[in-house]
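Encoded as structure tokens, the structure appears first; notes follow it.
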Ligand code: SF4
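Following this line, the structure appears as structure tokens:
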């Protein structure tokens, strides 16, 4: 894929499973809210990822604006709704330079967060950065709602996938992110990611070189659905992948009045539910797992986005 020829991917956009069909190259935007040029809100050495990603020097994280999923409880709400007006527009060459500068700062890896609506630019920029000396792993961090056809553009370019698997229930996913097909789409996306990376590989320094970490953020009152997610992941991939069970759900309505959370999401996880899910994961013999401390919730874990 050549960096000069990317705009055609954004005409009649079907980059993600929303398949809006809008012409982003002419300034229109679809469900993700973004035009045809990537907008980066923040890039930094980030120390809040799993230990195999963060290491000692941090993950070179690039936060893109917009999102094709837009969960109503989004923990990156500041930047997921669409352009904030505070981000910086990049072309593929500019992104490649950004990755190289994060490598120069000592990053263990490049970590592209919610870039699915810019996949053509991701592919071109990683290829360009590789040609110019990028040698650290590249991780693709996603809500899990991705089209297999678009993921194929990343084949051979992405070393580590970090998708969410948020729900099994179509009624939950319909209500919370307007995608009743979330689970089916996510299963196919994970299969494609696994086809590309194969089983997880950790190097001698305890850092991930290749593979998949699937994240699951537990939601209040949804322990049953969490167990279904864990059943699926352990049954299909077992210890060939890592599972990260996340305890940090925080109802941010106080911060974002337009969040409009349903009642069951206006609280933190009930006492004991996280521990019950962690025990369930252990019963499934999943040793490649990350579990968090007792209270990992709160906005101190979030980067300071520009908005
Ligand atoms: S990337 Fe954006 S415009 Fe394109 S199909 Fe997905 S949500 Fe729609």
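Numbering (my numbering), first residue to last: 9 to 315. Ideal placement from N, C-alpha and C gives every residue a C-beta, glycine not left out.
With a threshold of 8 Å, establish whether the CB of residue 129 neighbours any heavy atom of ligand 1.
Closer than 8 Å to some heavy atom of ligand 1: that does not describe the Cβ of residue 129.
Delimiting residues of the beta strand (DSSP E) encompassing residue 171:
Counted as a single uninterrupted DSSP element, the beta strand (DSSP E) harbouring residue 171 occupies residues 168 to 171.
Next on the checklist: Assuming contact is defined by CB atoms lying nearer than 9 Å, are residue 183 and residue 270 in contact in what I supplied?
Outcome noted: Contact: yes.
*Between the Cα of residue 229 and those of 257, 215 and 208, spot the shortest distance and give me the residue it belongs to.*
257
Open item on the list: DSSP has residue 209 in a bridge; who is on the other side?
Closed with: 218
Run through DSSP, which three-state label would residue 298 get? The answer is strand: DSSP assigns residue 298 an E or B state.
Which partner residues of residue 148 appear in the DSSP bridge assignment? 120 and 169, per the DSSP bridge assignment.
message = Less than 8 Å between C-beta atoms, sequence neighbours within five positions excluded: which residues of the same chain meet that for residue 209?
response = 216, 217, 218 and 219
Cβ pair count under 8 Å reaching 3, the region 64 to 71 against the region 92 to 111:
yes
Query raised in the report: In whole angstroms, what separates the C-alpha of residue 275 from that of residue 267?
Result: 14 Å
| message | Please list the terminal residues of the continuous beta strand (DSSP E) segment that includes residue 80. | response | From DSSP, residue 80 is part of no beta strand (DSSP E); its letter is neither H nor E.
> So does residue 33 have its beta carbon nearer than 8 Å to some heavy atom of ligand 1?
Replying inline: no
* CB of residue 25 to nearest heavy atom of ligand 1: below 8 Å? -> Yes, the Cβ of residue 25 comes within 8 Å of a heavy atom of ligand 1.
Worksheet item: Alpha carbon to alpha carbon, how far is residue 289 from residue 238?
Response: 7 Å
Taking the straight line between their C-alpha atoms, what separation do you get for residue 277 and residue 255?
8 Å
Pick from 231, 203, 48 and 199 that is closest to residue 125, judged by C-alpha positions:
48
* Can you tell me whether residue 312 is buried or exposed, with buried defined as 16 or more other CB within 10 angstroms of its CB? -> exposed
Comparing the CB of residue 224 with every heavy atom of ligand 1, is any distance shorter than 8 Å? no
Worksheet item: Going straight from the alpha carbon of residue 171 to that of residue 190, what length do you get?
Response: 13 Å
| Would DSSP call residue 269 helix, strand or coil? | coil
Examine ligand 1 and report whether any of its heavy atoms sits within less than 8 Å of the Cβ of residue 161. no
Does DSSP classify residue 253 as helix, strand or coil?
-> strand
- Item | Option in 192, 280 and 252 with minimal Cα separation from residue 56 | 252
With residue 8 and residue 91 assumed to form a contact (beta carbons below 8 Å), what rounded beta-carbon distance in angstroms separates them? Residue 8 is absent from the model: the chain starts at 9 and stops at 315.
What span of residues does the alpha helix (DSSP H) with residue 237 cover, start to end? 231 to 244
message = Below 8 Å on the Cβ atoms is my contact criterion, and I expect residue 50 with residue 263 to pass it. Report the Cβ-Cβ distance as a whole number of Å.
response = With a Cβ gap of about 17 Å, residue 50 and residue 263 do not count as contacting.
### Query
Considering residue 184, what are the terminal residues of the alpha helix (DSSP H) in which it resides?
178 to 185
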